[in-house]
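Q: Just so you know, the sequences run in chain order A and R. Counting in the numbering used here, the first sequence runs from 830 upward without gaps. Counting in the numbering used here, the second sequence runs from 346 upward without gaps.
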Amino acid sequence: MRATLALLTRSLRDDALRLRAHLARFFLLFPCLFCLNLASNFDQVFGAPGRYFFYPMAFLNFALISLAGIGYFSSAITEEKEEMTLGLLRMAGVGPLSLLLGKGAMRLITAALILSVQFPFTFLAVTLGGITQNQVIAAYLTLMSYMLLVSSIALFFSVACRRTGRAAFNTTVLIALLLFGPTLLSGIWLLLSGTMAPNSYLHGWAPTVLTWLSDASAFNRLTVVLSSGFMGSPLSLQVIVHTVAAVLIFGVAWLTFDYFTREQVTAGPKRSFTIANVFSKRRRRIGMSRTWRHAIAWKDFYFLAGGRWMSVVKFLTYLAVCGGLLGISKALNPHSTLRLEEVAGLLVMVSFVGFCLEASLLAARLYREETRWNTLSTLMMLPITVPQIAYQKLGGCLLGLLPATAAFGLGILCRPQIGGELAKDIITEPWQWVWIVHLILFWHVVAFVSLKVKWGALPLTIGIFLVGYFMVSIGTSIFFAMTIGIGGPSGAGAEAFFRYLVPIAIVFAHLIAAAGLQRAIGRQLQIQAANTP
Amino acid sequence: MNDVFETPPVLEVQHLSYSFRKHRALLDVNFQVQPQSLHGFVGPNGAGKTTTLKVICTLLQPQAGNVRVFGLDVVHDVKEVRRRIGFMPDHFSMYRQMTVFEYLDFFGAAYGLSQVERDRIITDVLTLTDMDGRKDDLINGLSRGMQQRVSLARVLVNDPDLLLLDEPASGLDPRARIELMEILQELRKMGKTIFISSHILSELAELCDSVTIIDRGLIKYSGPMDDLLTDTEEHPAYVLTLREAVDPDPQEQLQALAGVLRVEEVEGKPAWSISFDRAMTDTNNLLRGVLDLGLPVASFTEDRKHLNQAFMDLTERGVRT
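#1: Would you tell me roughly how many angstroms separate the C-alpha atoms of R/Gly639 and R/Val591, rounded to the nearest one?
#2: Please list the residues of the stretch 1192–1213 of chain A that have a C-beta atom closer than 9 Å to any C-beta atom in chain R, keeping them in chain order.
#3: Can you confirm whether A/Ile1104, when its beta carbon is compared against all beta carbons of chain R, has any partner nearer than 7 Å?
#4: Is A/Asn1203 near the ligand ADP, with its Cβ less than 6 Å from a heavy atom?
#5: Taking 7 Å as the CB-CB limit, is A/Lys910 close to chain R?
#6: Taking R/Pro595 as the reference, which of R/Arg489, R/Glu610 and R/Tyr583 has the closest Cα?
#7: Can you tell me whether R/Asp518 is helix, strand or coil according to DSSP?
#8: Please state whether DSSP places A/Asp843 in a helix, a strand or coil.
#9: With DSSP run on the structure shown, which of helix, strand or coil describes A/Trp1202?
#10: Give a yes or no on whether the minimum CB-CB distance between R/His436 and chain A is below 7 Å.
#11: By how many angstroms is the C-alpha of A/Leu848 removed from the C-alpha of R/Asn411?
#12: Do you know how far the Cα of A/Asp1087 is from the Cα of A/Leu1346?
#13: So, helix, strand or coil for R/Gly431, using DSSP?
#14: With 7 Å as the threshold, decide whether the Cβ of A/Thr914 is near any Cβ in chain D.
#15: With a floor of 4 residues, list each alpha helix (DSSP H) that falls wholly inside the stretch 546–599 of chain R, ordered by position along the chain.
#16: To the nearest angstrom, how far is the alpha carbon of A/Phe1237 from that of A/Leu1013?
#17: List the whole-angstrom C-beta distance separating R/Met476 from R/Val495, where the pair is believed to meet the contact cut-off of C-beta under 8 Å.
#18: At the 7 Å Cβ level, is A/Phe1108 part of the contact set with chain R, yes or no?
#19: With DSSP collapsed to three states, give me the class of R/Trp617.
#20: For the alpha helix (DSSP H) containing A/Phe882, list its first residue and its last residue.
#21: For A/Leu857, I'd like the list of residues in its chain whose CB is within less than 6 Å of its CB, leaving aside the five on either flank, ordered along the chain.
#22: In chain R, which residues lie with their C-beta within 8 Å of the C-beta of A/Arg1100?
#23: Grab me the residues of A/Arg1348's own chain with a C-beta within less than 6 Å of its C-beta, minus the 5 sequence neighbours each way, in chain order.
#24: Along the stretch 373–399 of chain R, what residues have a CB closer than 8 Å to any CB found in chain A?
#25: Count the C-beta pairs between the stretch 1132–1149 of chain A and the stretch 1205–1216 of chain A that are closer than 8 Å, then say yes if the count reaches three, no if not.
#26: Under DSSP, the alpha helix (DSSP H) around A/Leu1176 begins and ends at which residues?
#27: Taking 7 Å as the CB-CB limit, is A/Lys1159 close to chain R?
#28: Quick one: what does DSSP say A/Val1301 is sitting in, helix, strand or coil?
#29: Taking the alpha-carbon of A/Tyr901 as reference, which of A/Trp1034, A/Ser1022 and A/Ala850 has the nearest alpha-carbon?
#30: Compile a chain-ordered list of the residues in the stretch 399–426 of chain R whose CB is closer than 7 Å to at least one CB of chain A.
#31: How about R/Arg463 and R/Gly453: do their beta carbons lie closer than 7 Å?
#32: Looking at chain R, is there any beta carbon in it that lies within less than 7 Å of the beta carbon of A/Lys1283?
#33: For the alpha helix (DSSP H) that contains A/Phe1363, what are its first and last residues?
#34: Could you tell me which chain A residues have their CB closer than 7 Å to the CB of R/Gln460, listed as they occur along the chain?
#35: So, is R/Pro434 buried or exposed, given that buried needs 16 or more other C-beta atoms within 10 angstroms?
#36: Would a check of beta-carbon distances place A/Ala1124 closer than 7 Å to chain R?
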């Protein structure tokens, strides 16, 4: 118990002294203020200002808790493994339970502290009207039980996995299943039930299970709690299920702690796809070439993006995913005929989503891997400029995105009209440029954040963007509410304004921000290279 | 020897100062390193060694003063300076997921060497560092000593004229340390200038031609190693060793000799350290006096200070606050 308290005290003290934590609390006040503003504006038009204040806040909290699970809770134990300090803590007599409580509970408390800044404001919602105290309490109970579950899941993976990346990935998959699983299963059941005999065995219990799953979903519960006229108890099936599941998962993490941490992780980057060539007894990488003239691009292509062999695997995976989705579709609708444009559309969509995911993951690792393994100073000592280093690294990663691009191209080849329509939309519709520059800005922010934080750059950036979207959407709502009141722009001038001027201004703002981030990344690289211990 | 010192210095640090916010790391640092020499850079923890090295290798920019490498300014001629130096940091800054050959090949290519040149140079540096049998091994699987050799091989890939080594022997076992020092001596014979920061003072004493001692950001000594180890001031000391112990103890007789200031018995053997006033006598007269005493003299040698002693004399006790 003394060890748990020592770890807790250290963590709380650390949190109190860290400027970043205070800044996070400070910035979380902005959504509160925005929501208050929204509520006061909507009050004149729709009424129920308390509801318009609390509703978006609750869902923003829900999203932030999900992201914290991926980026914050999942590194609780893996960070000790990666820094090779877990063994030292165990030798100092710190047991598994103390470690789990000290590290896991500390993160839970820190996250709760960050969110607690809203409490005084959220109870204001009751005074504003449109929402009851019962609803506020029920919503917070839902969020707290969800946070408990998410932190337990992340803590378990932090114990079971050797590295933070793997723990974060597994947590993401499980949270996604928690969030979308009930809806997905309901959808599948809806399709399957039509093809089955009404008296089949599944008809007996499947709807009950699906209803239970739906009731146990935190997202669904939050929607119910915040709907008008909610009078139910704050304690619900979801709260009980999540809390019990959290305790059970924590128990499993405790019981399996020794098993999963019996071997110390070697601190060092991992090399994938290596085989020992039995004939020459030489260790080789499959499909590996000699270093290119642009050596840094070569390094990042092979050691970050996976190299040639991985490219083939990725391309085949895209095809397999499309094939799998088409197979499910065919199974659910046996009488439907497969059309080429559907295949092409699916390939384009899957490869585009894959491209975005891959690019985001690579942006998070592009510079982080150099700082993590202290290789930045050696790299920066090369007789080339910082932009040359940065762009060579980028080049290597872009080559790693070729499989997704090739799958996209294949989709277009299958149905050239799709390409034509896409190109036409992109050229003629300035609002299409907005999401392109938005993605570009997002990757820049990910890369920059990865130089500032140890873990979870991607979830943190998603969180930043979520808060950003939230504030922008509320700002836009306020703008429209105000313009409705004063008449606002109308006619052809208004169309030109919203169709061309606004998106072009947004594109320019994004590009300027991206350019600024490039400079900041360059500067940060120099600072970190000089500060390498 | 004079010819060497007439050539322009490879490294010239003039009035260098550097601070981290309110913490002064370096203050008016001045020293030079001569071509083809092995120059030791010694100082306690937090003395400013790594900061100095980072400024020399262009990772940090001097806040005051200037640093020239082969006459090139480290602020304005960054690329050319980087081409001519090889920096080995004190941490393992390596791509450990690569094999030894891939790692060296990567850096060779990054320095713009052709594949043919890389093949030749990598073979040479692997032979020099005795790693040619391990070139297909993953760096992650190598011992610390071997990783240090690979790190040294990497520094040599672009054939730099000046090697900057930050604590290269730290964490190595005695054998690996001795082998590393042998490689450094070999490199000096090949005409390289080596600037080595180290805590292993005794090894530097045997290895280095010159030394700079830094403490709390201030240079305490910079010059030839011999001058540091030999007390050249007015009160030199000599060690008199006898073939066997004599009775009575000759300490009082030695103390009575003209010009002798202090006589101290060397523990464990029939020997005495005699310091004298150069103004009153000289080495010949002192030796003559000793022989006149009829003692069975085995040797009469200059009492050279150990580098550790010189280091302790020049640096202050405790850590910087």
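Glycine included, C-beta positions come from ideal geometry on N, C-alpha and C.
A: According to the data block:
#1: Indexing the second sequence from 1 puts residue 639 of chain R at position 294. Indexing the second sequence from 1 puts residue 591 of chain R at position 246. Each residue's alpha carbon lies about 11 Å from the other.
#2: Residues of the stretch 1192–1213 of chain A that bring their beta carbon within less than 9 Å of a beta carbon in chain R comprise Trp1202, Asn1203, Thr1204, Leu1205, Ser1206, Thr1207, Leu1208, Met1209, Met1210, Leu1211, Pro1212 and Ile1213, in sequence order.
#3: Translated into positions along the first sequence, residue 1104 of chain A becomes position 275. With a pLDDT of only 44 at A/Ile1104, under 50, the local geometry of the prediction cannot be trusted, and no value is derived from it.
#4: In terms of ligand content, the structure shown is empty, and the ligand ADP therefore cannot be addressed.
#5: Counting from 1 along the first sequence, the entry for residue 910 of chain A is found at position 81. No, A/Lys910 lies away from the interface with chain R (no Cβ there is under 7 Å from its Cβ).
#6: Counted from its first residue, the second sequence places residue 595 of chain R at position 250. Ranked by how close their Cα comes to the Cα of R/Pro595, the residues R/Arg489, R/Glu610 and R/Tyr583 have R/Glu610 in first place.
#7: For this step, residue 518 of chain R is matched to residue 173 along the second sequence. In the displayed model, R/Asp518 falls within coil according to three-state DSSP, outside both helix and strand.
#8: On the first sequence, position 14 is the one that residue 843 of chain A refers to. Helix at A/Asp843.
#9: For this step, residue 1202 of chain A is matched to residue 373 along the first sequence. A/Trp1202 falls in the coil class under three-state DSSP.
#10: Here the question's residue 436 of chain R lines up with position 91 in the second sequence. Taking a beta-carbon distance threshold of 7 Å, R/His436 counts as an interface residue toward chain A.
#11: Your numbering for residue 411 of chain R matches position 66 in the second sequence. Your numbering for residue 848 of chain A matches position 19 in the first sequence. A direct Cα-Cα distance of roughly 36 Å separates R/Asn411 from A/Leu848.
#12: Your numbering for residue 1346 of chain A matches position 517 in the first sequence. Your numbering for residue 1087 of chain A matches position 258 in the first sequence. Going by C-alpha positions, A/Leu1346 is about 44 Å away from A/Asp1087.
#13: The residue you call residue 431 of chain R lines up with position 86 of the second sequence. DSSP places R/Gly431 in strand when its eight states are reduced to three.
#14: Here the protein chains are A and R, and chain D is not one of them.
#15: You should have 546–552 and 570–574.
#16: The residue you call residue 1237 of chain A lines up with position 408 of the first sequence. The residue you call residue 1013 of chain A lines up with position 184 of the first sequence. Here the C-alpha atom of A/Phe1237 lies approximately 26 Å from the C-alpha atom of A/Leu1013.
#17: Working through the second sequence from its first residue, we reach residue 476 of chain R at position 131. Working through the second sequence from its first residue, we reach residue 495 of chain R at position 150. With 8 Å as the limit, R/Met476 and R/Val495 qualify as a contact, their Cβ atoms being about 6 Å apart.
#18: By 1-based counting over the first sequence, the position of residue 1108 of chain A is 279. Caution applies to A/Phe1108, whose pLDDT of 44 falls short of 50 and renders its modelled position unreliable; the model cannot decide the point.
#19: Taking the first residue of the second sequence as 1, we reach residue 617 of chain R at position 272. In the structure shown, R/Trp617 sits in a strand (DSSP, three-state: E or B).
#20: By one-based count along the first sequence, residue 882 of chain A stands at place 53. For A/Phe882, the enclosing alpha helix (DSSP H) has its first and last residue at Pro878 to Gly900.
#21: Taking the first residue of the first sequence as 1, we reach residue 857 of chain A at position 28. Hits under 6 Å: Val946.
#22: For the purposes of this step, residue 1100 of chain A is identified with residue 271 of the first sequence, where counting begins at 1. Gln442, Met443, Leu483 and Asn485, listed in chain order.
#23: Position 519 of the first sequence, counted from the start, is the residue given in the question as residue 1348 of chain A. For A/Arg1348, there are no CB contacts under 6 Å within the same chain when 5 residues up- and downstream are skipped.
#24: Those would be Lys399, in chain order.
#25: In short, these stretches do not touch, since the Cβ pair count stays below three.
#26: Here residue 1176 of chain A refers to the residue found at position 347 of the first sequence. Its alpha helix (DSSP H) spans residues Leu1169 to Leu1195.
#27: As a first step, residue 1159 of chain A is located in the first sequence; it is residue number 330 there, counting from the start. Closer than 7 Å: no.
#28: Along the first sequence, one-based indexing puts residue 1301 of chain A at 472. Reduced to three states, the DSSP call for A/Val1301 is helix.
#29: On the first sequence, position 72 is the one that residue 901 of chain A refers to. Distance from the Cα of A/Tyr901 is smallest, within the candidate group A/Trp1034, A/Ser1022 and A/Ala850, for A/Ala850.
#30: Of all residues in the stretch 399–426 of chain R, those with a C-beta nearer than 7 Å to a C-beta of chain A are Lys399, Cys402, Leu404, Leu405 and Lys424, reading in chain order.
#31: Stepping through the second sequence from its first residue, residue 463 of chain R is reached at position 118. Stepping through the second sequence from its first residue, residue 453 of chain R is reached at position 108. If you check the CB distance, R/Arg463 and R/Gly453 come in under 7 Å.
#32: The count along the first sequence starts at 1 and reaches residue 1283 of chain A at position 454. False, the Cβ-Cβ gap to chain R never drops below 7 Å.
#33: Nothing can be reported for residue 1363 of chain A: it is not among the residues displayed for chain A, which extend from 830 to 1362.
#34: For this step, residue 460 of chain R is matched to residue 115 along the second sequence. Below the 7 Å Cβ cutoff, chain A contributes Arg1119 as neighbours of R/Gln460, in chain order.
#35: Within the second sequence, the letter at position 89 stands for residue 434 of chain R. It is buried - the Cβ of R/Pro434 has at least 16 other Cβ atoms within 10 Å.
#36: The residue you call residue 1124 of chain A lines up with position 295 of the first sequence. Residue contact check for A/Ala1124 against chain R: a CB pair falls below 7 Å.
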